[in-house]
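Q: I'd like to ask some things about the structure below.
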Amino acid sequence: MKKIKKQNVAGLLEKWQKEFTVFVPSKASGVLQMAAWDGENLSFLERNRNTAIPPKANFLPTMQKMFGFRKEEGGYVLEPTDEDPPKQLLFGIHPCDARAISIIDMVFKDAYEDKYYLSRRQNTVLVGMACTSPYDNCFCTSLGFGPADATDVDIMLTDIGDSFLLEQVTDKGKGVLAGAKDLVEATQADEKKAKEVKESAKAAVSTKIDTKEISKRLPLVFDDKKFWEEIAAKCVSCGICTFLCPTCYCFDISDEMLRDGSGGARYRNWDCCSFAVYTKMPAENPREEKWRRVRQKVYHKYAFYPELFGVIGCTGCGRCIRQCPVNWDITQTLNSLPEGTAAKAEEKQKTS
Amino acid sequence: MTEDLEQKLRDEVRTLLEKGKIEHVIGYGEGSLKFATTPIMISDQADVDRLVINPFIHNNLSVLLPEVSGKVAVVAKVCDARSIISLVQNKQVARENVFIIGVPCNGIVDVAKVEKLTGLDRDEIDAVTWKDDRLVVTFAGGSKEFSAPEVALDSCLDCDCSGFKEFDLVIGEITPVAANKELSRVRIKEMEAMTPAQRWEFWKNEFSRCIRCYACRQICPVCFCERCFVEETEPLWVSPLPRWQDNLIFQAVRMMHVAGRCTDCGECQRACPVNIPLGLLTGKMEDIVDELFDYRAGMDKDAAPLMAAYEPEEAEDLMR
Amino acid sequence: MDTFEPKIVAFCCNWCSYAGADLAGTSRMQYPPNIRIIRVMCSGRVNPSFVLKALSVGADGVLVLGCHPGDCHYLTGNYRTRRRMAITKKFLEYMGVEPERVQVSWCSASEGSRFAEVVSAVTDDLKQLSPNRLFND
């Protein structure tokens, strides 16, 4: 195992900057989010609490041009966008966000390979940083992993005081570290310290949910309108929970024409199932009522996604809880699911 | 002190429910976030003890009012109560169906401001308490004190409770936060001292990080249009794509659409997940409306809404 | 002299100002060709979103022309215009839009010459400013 002194990290980032756009957590824009490293600021090495905007924005931008089109000889000619996006290195990714990226990868590789997402994904290196100070509403440990899990990154750094322990997780990770100066062998004491840091972070995750119980109860309470109406009562149907969620990926597509009519472009942008118009169609809106939309959000993440992809569509990052303007808390909802009745269970057995 | 108020509120609400004077209550309950409360709806006397009063009753509960049918009591600060009356003025809510319970407020603590001043996140702060007009923030390793203007929501600093007479019941005594309008307009004055180009650059920068979550619109009690202008595609007034230009146009037009109904409650700024200082817009709009038309939203339930009324002679100096 | 030709979008109400514009035309009065007229039934139809849309697509200025207060074909439409546009002007100025870019005036159907005057004056005002680059990246 290798390690690198904190004072040498800048050199490593500079080396990487030659090949990649290096993104680091930064508050320069006014809100903590991944932004291109300015070459100077290194405060994220000492204090790395999770960003407000998740790093999904680096693969699925808030707005993305899909292709252009030009009017020519009575028809339209498509102008594909650059299929080879610039290479990027995301530094300081938390395991919950890295896990989230792996989760939504499944959607974009499913029946249709989404090249807009996948090309960015392939051109990205994920350098994770073990979370040392989870927020009070993080609940990653309930979802089968923890704040120091290295499964979904290419390199994992763990803060052991004056240095970071470096785990080279994937070949891609090994590749970008090749030729890096200032990497030294970690001692046994270093590895022990790293273990302590990881355990301590895990212990600091205080919010818990019982996914076993949840998966048992969800199928039984779908039609409990009274419960869902109560749960949904305070929701104002904004997009904060969805947009700030690292596992939400819905997008809307629109075409914009150039004013002179000579052509235009097709774009996609983030969409949100909480919006009242999300399922609005000319004939009807199946989720006109707010309680249906709130119910949908919970089921999508904790019932439908597991059915389709075998994994819960949530990584317990807690952003939705922290930023919701009415303090709607998904962990409270999940922890208060009614048991559903035995009769309902039987009914479900018969129909499934 | 607050405990007495809480108890009084709970007792009053229990009585109102018992006597059948109201069917539901919208109030503040314990939040799962530090220094936050959460809206709760109660119809059962057994749930009355969930109601709380503390320095973090930030939500403007009137936003939930139009969804609830029957006779509803709403726990309201003055700004929220004005929003209720604003809704009555605009015929969104019938006055006889709302029972307005006034609660005192020393100014809502702007957690974003406290976080910025202390360099800590809210879960790293142990306690936040008012000591007269100073806010004491305690954390591991010490504490800091701040004055109200430093930590209260900008919108709270020009809180003017005088003249509001629509409370059906008042718990405790309602006094202004700091009856010094100058304080709340410091940042607006700074804006006005800039050149137009500087101001535009400022807003261009702020709206570059808007993600069009529409929290500002959704949390606003007076954004009650069934179809918002942003949903119009033929013609397309503003693109759904989050370019700074469209973000700025969305917010500018939204502000102009709520002019005369907005009571500068500060919720839009508090709700914004990317910290856009919307209070600089709502505060200015409130001033514009007051200066031009001597009008304040939500003060008089029988007053016509701003845009439904006119004087034979007014604002001619702005017309060519 | 290095001035530019401003593009002005003028919202004219059907009953007064549009007729006034017609009169200016039929009377062969000369006025700057910088305006592009959009006819609305009443100046009260003009939503702040129209003003912002016009500025965002490159108009250097927006002019709203309606009936004189008290003479609105729909009785009270222009009173709404006056309130709404007063707010729009002041608010946009606060946000950083030069006040000359959004102007409102009253012009009756018989005031062909006034129409020409107002258009000339507004065009001159805008020539003193630079072309609208507010919404450029």
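Protein chains in written order, with the numbering used here: chain P, 23 to 374; chain F, 91 to 410; chain D, 113 to 249. Each residue gets a CB set at the ideal place from its N, CA and C atoms; glycine is no exception. Here the structure is a predicted model, which is why all the values come from computation and not from measurement.
Going by beta-carbon coordinates alone, are P:D119 and P:P169 separated by less than 9 Å?
A: No, Cβ-Cβ distance for P:D119 and P:P169 is not below 9 Å.
Q: Taking Cβ positions only, does F:P325 come closer than 9 Å to chain D?
A: For F:P325, the answer is yes, since a Cβ of chain D falls inside 9 Å of its Cβ.
Q: Please tell me whether P:I253 and P:R317 are closer than 9 Å, where the distance is taken between their beta carbons.
A: Contact: yes.
Q: If we ignore side chains and look at the alpha-carbon of each, how far apart do D:G132 and P:Y300 end up?
A: Taking the straight line from one Cα to the other gives about 46 Å.
Q: Exposed or buried, P:Q190, counting other C-beta atoms within 10 Å across all chains shown (16 or more means buried)?
A: Its Cβ being crowded by 16 or more others within 10 Å, P:Q190 is buried.
Q: Unbroken alpha helix (DSSP H) runs of length 4 or more, entirely within the stretch 30-82 of chain P: which are they?
A: Segments of the alpha helix (DSSP H) lying fully in the stretch 30-82 of chain P: 31-39.
Q: Please confirm if P:G201 has its CB atom under 9 Å from at least one CB of chain F.
A: No, P:G201 lies away from the interface with chain F (no Cβ there is under 9 Å from its Cβ).
Q: So, for F:P363: in the same chain, excluding its five sequence neighbours on each side, which residues have a beta-carbon less than 8 Å away from its beta-carbon?
A: Contacts found: I301, C303 and A305.
Q: Determine the DSSP secondary structure at F:L338, reduced to helix, strand or coil.
A: Helix at F:L338.
Q: Assuming D:V234 is part of the beta strand (DSSP E), what are its boundary residues?
A: Per DSSP, D:V234 belongs to no beta strand (DSSP E); it is in the alpha helix (DSSP H), G224 to K239.
Q: Going by other Cβ atoms of all chains shown within 10 Å of its Cβ, with 16 needed for buried, is D:M113 buried or exposed?
A: Confidence at D:M113 is low in this model, with a pLDDT of 49, below 50, so the placement of that residue is unreliable and no value is reported for it.
Q: Look at the Cβ atom of F:P194, then the Cβ atom of F:E263, and state whether they are nearer than 9 Å.
A: Yes. Within cutoff.
Q: Could you name the residues of chain F that P:E278 contacts, counting a contact when the two beta carbons are closer than 7 Å?
A: Simply S329.
Q: Establish whether the CB of D:R195 and some CB of chain F are separated by less than 9 Å.
A: Chain F, which has a Cβ nearer than 9 Å to the Cβ of D:R195, makes this yes.
Q: Beta-carbon of P:D60 versus every beta-carbon of chain F: anything under 9 Å?
A: No, because no Cβ of chain F sits closer than 9 Å to the Cβ of P:D60.
Q: Let's test the definition: count the other Cβ atoms within 10 Å of the Cβ of P:P108 and tell me whether it reaches 16, buried, or not, exposed.
A: Answer is exposed; the Cβ neighbour count stays below 16.
Q: Quick check: the stretch 217-228 of chain D against the stretch 171-183 of chain D, are at least 3 beta-carbon pairs closer than 8 Å?
A: Result yes; three or more Cβ-Cβ pairs closer than 8 Å.
Q: Could you tell me the alpha carbon to alpha carbon distance between D:L187 and D:G156, rounded to whole angstroms?
A: For D:L187 and D:G156, the distance between alpha carbons rounds to 11 Å.
Q: Which residues of chain D have a Cβ atom closer than 8 Å to the Cβ of F:Y400, listed in chain order?
A: The answer, in chain order, is T188, Y191, R192, R194 and R195.
Q: Would you mind telling me which residues of chain P sit closer than 7 Å to F:A342, beta carbon to beta carbon, in chain order?
A: Within 7 Å Cβ-Cβ: nothing; F:A342 doesn't reach chain P, min ~19 Å.
Q: Would you call the stretch 288-296 of chain P and the stretch 273-280 of chain P in contact, with 3 or more CB pairs under 8 Å?
A: These segments touch.
Q: Could you name the residues of the stretch 201-221 of chain D whose beta carbon sits closer than 9 Å to any beta carbon of chain F, in the order they occur along the chain?
A: Here the close residues are K201, K202, F203, L204, E205, Y206, M207, G208, V209, E210, P211, Q215, V216, S217 and W218.
Q: Give me the chain F residues within the contact set of D:A198, using Cβ-Cβ distance strictly less than 7 Å, ordered along the chain.
A: Neighbours of D:A198 on chain F, chain order: L382, A405 and L408.
Q: Name the one or two DSSP bridge partners that F:T127 has.
A: In DSSP, F:T127 forms a bridge with F:E120.
Q: Which ranges would you report for the beta strand (DSSP E) in the stretch 128-178 of chain P if only whole runs of at least 3 residues count?
A: You should have 146-151.
Q: With distances taken from CA atoms, which of P:G96, P:I123 and P:C336 is nearest P:Q144?
A: Of the candidates P:G96, P:I123 and P:C336, the one whose C-alpha sits nearest the C-alpha of P:Q144 is P:I123.
Q: With a Cβ-Cβ cutoff of 9 Å, do F:L106 and F:F189 count as a contact?
A: In this structure, F:F189 lies closer than 9 Å to F:L106 by Cβ.
Q: Rounding to the nearest angstrom, what Cα-Cα distance links P:A216 and D:G170 in this structure?
A: Near 58 Å, if we compare the C-alpha coordinates of D:G170 and P:A216.
Q: With 9 Å set as the bound, which would you pick, yes or no: does the beta-carbon of P:W38 sit closer than that to a beta-carbon of chain F?
A: Chain F contact via Cβ: absent.
Q: Is P:C336 close to chain F, meaning its C-beta is less than 9 Å from at least one C-beta of that chain?
A: Closer than 9 Å: no.
Q: Only counting the same chain, and skipping five residues up and downstream in sequence, which positions put a Cβ closer than 8 Å to that of F:E214?
A: Correct list, in chain order: F229 and A230.
Q: Which class does F:R299 belong to by DSSP, given the choice of helix, strand or coil?
A: In this structure, F:R299 counts as coil in the three-state DSSP scheme.
Q: Return the Cβ separation of P:G150 and P:I115 in integer angstroms, given the expectation that the two are a contact with Cβ distance under 8 Å.
A: P:G150 to P:I115, Cβ: 5 Å. Contact.
Q: Using a cut-off of 8 Å between C-beta atoms, extract the partners of D:P160 located in chain F.
A: By Cβ distance, chain F contributes A342, V343, M346 and H347.
Q: For F:E272 and F:C246, what's the separation of their Cα atoms in angstroms?
A: Taking the straight line from one Cα to the other gives about 12 Å.
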